[in-house]
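The block underneath contains the structure these notes are about, expressed in C-alpha cells.
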Amino acid sequence: MNTPGHFASFSRRTVMLAAPATLGLVGLQGCNMAPKVYTMNVSRDDGCMCCSSWAEVMEKTGRFKVSLVDVGDALAYKNKMGVPTGLGACHTAVVEGFVIEGHVPADDILKLVEQKPGRVVGLSVPGMPRGSAGMEQPNGVKDAFTVIAWETGGAQSEFATYPGNQAT
C-alpha cells in the first residue's frame, strides 16, 4: 500500500516490460511528422491560365501553399526580382526567399529550398516547354528542357535536365 510521500515499488519485471513500450511510443512520434509545407507566392500576367495550371500542380504535391497575384507589368516585376535576361517565362514565384521563374518542376524547387546550394538565388525554365509542369499536353508531347540555376552576381548553371519525347 502506498502512502503519501512514498514511492510505489515496481518489480524489475514491470520496468523491463514497460520500458520498451514507452520507448516505442516515443519513437513513433517522429514517424508521424508531416513534411514541411512551403508558402509560394506567384506573380503572373493578368489571368494567365498556364500559370494557374502550374500553381495547381504545385498545390497537388501537398508541399506548397500557393497564392496567385496578377501583376500589371510582369517584366518590371521580373527585373525587380532579379531574373536574368534570357531566363524569363510567364510567371515568377518566391519560395523561402528563392525566385522561381516559369514552369520549374516541384522536385527541383524542393531540392533548392531543402539543400540551399551555395550562392543560388533562383531557378528558371525559360519559355513554356510543352509537357513541363502546368504545360501538359493531351497528346503527351514533351519538349526537352533544362532547369537553370542563377547565383548572386549572375553566374548560371544547369540544375536539372528533362528529356523530351519528340524526335529532333
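In this text, residue positions in the sequence shown follow our numbering: the first is 1252, and each later residue adds one.
Positions of the beta carbon are idealized from the N, C-alpha and C atoms, including for glycine.
Q.
Within the continuous alpha helix (DSSP H) that includes E1310, where are the two ends?
A. Counting along the chain, the alpha helix (DSSP H) containing E1310 begins and ends at M1300 to K1311.
(Q) Which of the three DSSP states is assigned to N1292 in this structure? (A) DSSP, read as helix, strand or coil, puts N1292 in strand.
Q: Assess, as a yes-or-no matter, whether the stretch 1319-1331 is touched by the stretch 1396-1412 under the definition of 3 or more beta carbon pairs within less than 8 angstroms.
A: No: fewer than three Cβ pairs fall under 8 angstroms.
Q. Shortest alpha-carbon distance to C1341 belongs to which of D1358, H1354, G1348 and D1359?
A. For the residues D1358, H1354, G1348 and D1359, the minimum Cα distance to C1341 belongs to H1354.
(Q) Run through the DSSP bridge pairs and tell me what G1333 is partnered with. (A) Answer is none; G1333 lacks a bridge partner.
Q) Closer than 8 angstroms: is that where the CB of Y1413 sits relative to any heavy atom of the ligand FAD? A) This structure simply doesn't include the ligand FAD, nor any ligand for that matter.
Q) Which whole-angstrom value describes the C-beta separation of V1350 and V1376, a residue pair presumed to lie in contact below a C-beta threshold of 8 angstroms? A) With a Cβ gap of about 13 angstroms, V1350 and V1376 do not count as contacting.
**Q.** Start and end residues, beta strand (DSSP E) containing C1409
**A.** Going by the sequence as given, residue 1409 is Glu instead of Cys. That run of the beta strand (DSSP E) goes Q1407 to Y1413.
Q) Excluding five sequence neighbours on each side, which residues of the same chain lie with their C-beta closer than 6 angstroms to the C-beta of G1385? A) Shown here for G1385: same chain residues with a beta carbon closer than 6 angstroms to its own, the five before and five after excluded, namely C1301, S1304, W1305, V1308 and H1354 in chain order.
Q.
Assuming the contact rule is C-beta atoms closer than 8 angstroms, V1364 and E1347 should be a hit. Round their C-beta distance to whole Å, please.
A. Contact between V1364 and E1347 holds: CB atoms are separated by about 4 angstroms, below the 8 angstroms threshold.
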